[in-house]
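Residue numbers (my numbering), protein chains in the order written: chain L, 9 to 207; chain H, 105 to 670. These notes concern the structure reproduced below.
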Amino acid sequence: MRMPHVRPDRKADREGESPVKQVLIAGIGNVLLGDDGVGPYVARLLSSSYSFEPGVEVEDLGTPALDLIDHITGLDALILIDSVDDGLPGGTITLYSKDDIVRHGPPVRMDPHSPALTESLLAAEFVGTAPKEVLLIGISGSRYDAGCQLSAPVQAAVAQVVDHVLIELDRLDLSYEPAQNKQSEIWWDDAPVASLAVS
Amino acid sequence: MAKRITIDPITRIEGHLRVDVQVDNGRVSDAWASCTMWRGIEKILEGRDPREAWLFTQRFCGVCTTVHAMASVRAVEDALKLEIPANAQYIRNLVLINHGLHDHIVHFYHLSALDWVDVLQIPKADPAKTSSLAESLSPWTRNSRNEMKAAQDKVKAVAASGQLGIFANGYWGHPAMHLSPEVNLLAFSHYLQALEYQRKSNQVVGMLGGKTPHIQNLTVGGVSNAINLDSQAVLGMERLEQMKVLMDEVATFVQQVYLPDACAISAMYADWFGIGSGVKNYLAVPELPIDARATQFDLPGGYIPGGDVSSVRAFHSHADDQFRQSVLEDVTHSYYAGKTRLHPWKGETVPEYTDWQADKKYTWVKAPRFENKPAQVGPLAQVLVGYAQGHPLTRKWTDAALDRISTVAGRKIGVAQLHSTMGRHAARAIRACMLAELGQKHWQLLVDNIAKGDLSIHNPPSFPSGTIQGVGTHEAPRGTLSHWVVVDGGKIKNYQAVVPSTWNASPRDIAGAHGPYEASLLDSPIANPELPLEVLRTIHSFDPCMACACHTFDPTGKQIAKVKVL
Numbered sequence: 009m010r011m012p013h014v015r016p017d018r019k020a021d022r023e024g025e026s027p028v029k030q031v032l033i034a035g036i037g038n039v040l041l042g043d044d045g046v047g048p049y050v051a052r053l054l055s056s057s058y059s060f061e062p063g064v065e066v067e068d069l070g071t072p073a074l075d076l077i078d079h080i081t082g083l084d085a086l087i088l089i090d091s092v093d094d095g096l097p098g099g100t101i102t103l104y105s106k107d108d109i110v111r112h113g114p115p116v117r118m119d120p121h122s123p124a125l126t127e128s129l130l131a132a133e134f135v136g137t138a139p140k141e142v143l144l145i146g147i148s149g150s151r152y153d154a155g156c157q158l159s160a161p162v163q164a165a166v167a168q169v170v171d172h173v174l175i176e177l178d179r180l181d182l183s184y185e186p187a188q189n190k191q192s193e194i195w196w197d198d199a200p201v202a203s204l205a206v207s
Numbered sequence: 105m106a107k108r109i110t111i112d113p114i115t116r117i118e119g120h121l122r123v124d125v126q127v128d129n130g131r132v133s134d135a136w137a138s139c140t141m142w143r144g145i146e147k148i149l150e151g152r153d154p155r156e157a158w159l160f161t162q163r164f165c166g167v168c169t170t171v172h173a174m175a176s177v178r179a180v181e182d183a184l185k186l187e188i189p190a191n192a193q194y195i196r197n198l199v200l201i202n203h204g205l206h207d208h209i210v211h212f213y214h215l216s217a218l219d220w221v222d223v224l225q226i227p228k229a230d231p232a233k234t235s236s237l238a239e240s241l242s243p244w245t246r247n248s249r250n251e252m253k254a255a256q257d258k259v260k261a262v263a264a265s266g267q268l269g270i271f272a273n274g275y276w277g278h279p280a281m282h283l284s285p286e287v288n289l290l291a292f293s294h295y296l297q298a299l300e301y302q303r304k305s306n307q308v309v310g311m312l313g314g315k316t317p318h319i320q321n322l323t324v325g326g327v328s329n330a331i332n333l334d335s336q337a338v339l340g341m342e343r344l345e346q347m348k349v350l351m352d353e354v355a356t357f358v359q360q361v362y363l364p365d366a367c368a369i370s371a372m373y374a375d376w377f378g379i380g381s382g383v384k385n386y387l388a389v390p391e392l393p394i395d396a397r398a399t400q401f402d403l404p405g406g407y408i409p410g411g412d413v414s415s416v417r418a419f420h421s422h423a424d425d426q427f428r429q430s431v432l433e434d435v436t437h438s439y440y441a442g443k444t445r446l447h448p449w450k451g452e453t454v455p456e457y458t459d460w461q462a463d464k465k466y467t468w469v470k471a472p473r474f475e476n477k478p479a480q481v482g483p484l485a486q487v488l489v490g491y492a493q494g495h496p497l498t499r500k501w502t503d504a505a506l507d508r509i510s511t512v513a514g515r516k517i518g519v520a521q522l523h524s525t526m527g528r529h530a531a532r533a534i535r536a537c538m539l540a541e542l543g544q545k546h547w548q549l550l551v552d553n554i555a556k557g558d559l560s561i562h563n564p565p566s567f568p569s570g571t572i573q574g575v576g577t578h579e580a581p582r583g584t585l586s587h588w589v590v591v592d593g594g595k596i597k598n599y600q601a602v603v604p605s606t607w608n609a610s611p612r613d614i615a616g617a618h619g620p621y622e623a624s625l626l627d628s629p630i631a632n633p634e635l636p637l638e639v640l641r642t643i644h645s646f647d648p649c650m651a652c653a654c655h656t657f658d659p660t661g662k663q664i665a666k667v668k669v670l
């Protein structure tokens, strides 16, 4: 776990400027499909392990389509955590910039609801509300079949993914500190309930 | 010469829709719809607590979250024969209505309008003419010349930069695009405005559901929204009033912008009222119960066989026996082993993958059948089922839409022409107008019921020791959704979700009958096999959603259509 980061005063605190940076740390992916759930997993781990300064939100967004636009509109910075399909060994971490994400333009699609990260960023950009800073922390998956658990190599990469998020917060000059006594929020990672009150 | 076109934007991981069409002399002579990923995620539910199933099912897909949550709690409540309080019905209905409005608006403007609207024609438009055209169609207050000019300037800037961004990879300049520059601009200015209004609907879902895309406020037996009219912390009058303001704004947008646009654009492509009919057996379940016991509904359900609206059969409850008994899933052409036809309560999900084989197995989608026949589901099915039963609200908005369309088209477009690609778009706009009106009604029902002093939101479930089974139905934005659950000793033994896109994207069955997507493509014109816009138009008109799969980001970009000469 990284040490608490105490930021010095920054320009934005001065009079006449917006004092609070709006930042979203979002985990994206399907928690029912193995390593695709790494984004939500890390997001929930972050929100139960750290407290962040006002303006910084951590969200498990699941699998949004174009409504991702609503979540990213008007942000100063967006940090996305998502599994990536790049053929690299499971657990490999690759950082993508906004340009990397939108480079190929939106796909022409049969299914208008497929993952819409590229479209959402481009649409927000078109209407002038895209986040100023975007970082995608991509984790190569190795297992995407039905199941609520991460594969061993992806699980082993989780701590490093968390570090990448914190490093980005440092770079953005945002503070955080370890949270006390917060419960794990990763509800899907439990074994099936053993029993239930039966009447 | 026959050609086979494979449209497959799919990566290794994402389970999405692939369509293959065979083209002879510029027309589709055969079609196959397939999904490239196994949707066996229901398996995860086995052995779990049925009270928690909805948390998992709403993760099937990020677009349809609320609908899978709703069908799941209803399925367990049906198994328990557990009624929910009236307040819970109204709160659920408001979530469903606002989710549906968000979905329909986004589908029309952001996911399918650009099949018909050519963005690159917009710089040629005259904003003043566009504004007067818009004002002739609707009293909407945001149709001014300045509004049109601002939208046009955005497109001009993007076009001048050479970086089309969100509009790269469109089928611009395709011969099947033929709106005037002014109509293109009009539609596009509303595309931008629609981004604001879809968000308002989602805000209402978030205010009731706690968050989107995955709501938090359901429980088996009701909802978890504590009610206290004087409190700001829970559901009180202040929050209800905020919701009402948002819902009124969306209702105005839907009735003054979406419906007029859908009618005008469809009328300008009136030949598409004669293309894309396909399967004419229509299925819809009743939705928006108006009493605690769910005996009366504001959206009617039923079944129309063979496109004959006079032979409609009504479903009177969520527990309608016709529906429960008549649904089977056929796996003749799907990558599953086992018996060909099974009822969902007995459903098996044992994968048996082969390659894509045109005359054998070619998809991961099962083929649901109603009375052994394929059935089309979605807003068109719902509108026709309601119209056929003389449902006043359906008649009101359908007649209004058909009048508008006929006026612009200069010829009569009637109910018979709704069996088509454009009919599906028109029906979705009609349904949106109905939902907007019903949203106001159900808001009032909730407020009035609370005012009577009823603050009840939840009836606790209690599980018997033996085996029980239930079905939860929901008429979702994409059509009839049903979750089928078997519970044994308080734990889930079997769970099957028969989703709308499974009905519509289903493959052939044992009798060789095409599924609705496949049938709708037969005989469609194809101007240019390299750019199969016509196929996209018809498939998009169903509002497909195969996203019950992964959302993995694919950094490489993929081409979409491959053409093979046979």
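We treat Cβ as the ideally placed atom computed from N, Cα and C, and that holds for glycine.
Which same chain residues end up closer than 8 Å to residue i when comparing Cβ atoms and leaving out the 5 residues on each side of it in sequence?
i      : result
H:V512 : C367, A368, A371 and M372
H:K253 : P231
H:M347 : L198, V308, M311, L312 and W547
H:Q639 : Sequence inspection shows Val at residue 639 of chain H; the Gln mentioned does not correspond to that position. Result list for H:V639: I109, I111, V123, V125, V132, L625, S628 and I630, in chain order.
H:N321 : I195, V199, L312, G313, G314, V327, S328 and N329
L:A131 : L74 and I77
Quick one: Cα of residue i to Cα of residue j, how far?
i      : j      : result
H:L224 : H:S524 : 27 Å
L:P139 : H:W468 : 38 Å
H:A255 : H:L289 : 8 Å
H:T642 : H:G313 : 33 Å
L:D94  : H:Q426 : 48 Å
H:S381 : H:K516 : 18 Å
H:A106 : H:W136 : 15 Å
H:E579 : H:L159 : 19 Å
H:S414 : H:I226 : 44 Å
H:N247 : H:S235 : 6 Å
H:E286 : H:L296 : 16 Å
Which residue from the options puts its Cα closest to that of residue i?
i      : options                           : result
H:T399 : H:N329, H:G619 and H:Q193         : H:Q193
L:Q191 : L:D178, L:Y58 and L:I145          : L:Y58
H:N385 : H:R131, H:F474 and H:R108         : H:F474
H:G310 : H:H203, H:A418 and H:Q267         : H:H203
H:V354 : H:Y295, H:P154, H:R612 and H:L205 : H:L205
H:S242 : H:D613, H:D365 and H:G574         : H:D365
L:F134 : H:V435, H:D257 and H:P496         : H:D257
H:A330 : H:H562, H:R246 and H:V431         : H:H562
H:D682 : H:V602, H:H644, H:T161 and H:K595 : As shown, chain H starts at 105 and ends at 670. That puts residue 682 of chain H outside it, with no answer to give.
L:V31  : L:T71, L:D171, L:R179 and L:L86   : L:L86
H:A609 : H:E622, H:A179, H:I195 and H:V413 : H:E622
H:A291 : H:M351, H:Y599, H:V177 and H:V361 : H:V361
H:L432 : H:G451, H:L559 and H:H422         : H:G451
L:L83  : L:Q168, L:G146 and L:K29          : L:K29
L:G136 : H:E239, H:A173 and H:G269         : H:G269
Go through its chain and collect everything with a Cβ distance to residue i's Cβ below 6 Å, but skip five positions before and after it.
i      : result
H:A505 : C367, A530 and I534
L:K35  : What sits at residue 35 of chain L in the sequence shown is Gly, not Lys. G47, P48, V50, A51, D68 and I89.
H:P393 : Q193 and F401
L:P120 : With a pLDDT of only 48 at L:P120, under 50, the local geometry of the prediction cannot be trusted, and the value read off the model is given with reservation. Excluding positions up to five away in sequence, the list is empty.
Grab me the residues of residue i's own chain with a C-beta within less than 7 Å of its C-beta, minus the 5 sequence neighbours each way, in chain order.
i      : result
H:S569 : G593
L:S128 : L74, L76, I77 and I80
H:P404 : P390, A418, V489, G490, Q493 and H495
Which class does residue i belong to by DSSP, given the choice of helix, strand or coil?
i      : result
H:F646 : coil
H:T525 : helix
L:V247 : This structure cannot speak to residue 247 of chain L, because chain L is shown only from 9 to 207.
H:E541 : helix
H:Y457 : coil
H:A280 : coil
H:K384 : coil
L:V46  : helix
Closer than 7 Å between beta carbons: that is the criterion. Which residues of the stretch 424-447 of chain H meet it against chain L? none
Interfacial residues, the stretch 27-53 of chain L to chain H, with Cβ spacing under 8 Å: Within the stretch 27-53 of chain L, the residues whose Cβ lies closer than 8 Å to some Cβ of chain H are I36, G37, N38, V39, L40, L41 and D44, listed in chain order.
Cβ-based contacts, 8 Å cut-off: residues of the stretch 133-164 of chain L near chain H: Cβ contacts with chain H come from E133, F134, V135, L144, G146, G149, Y152, D153, A154, G155 and C156.
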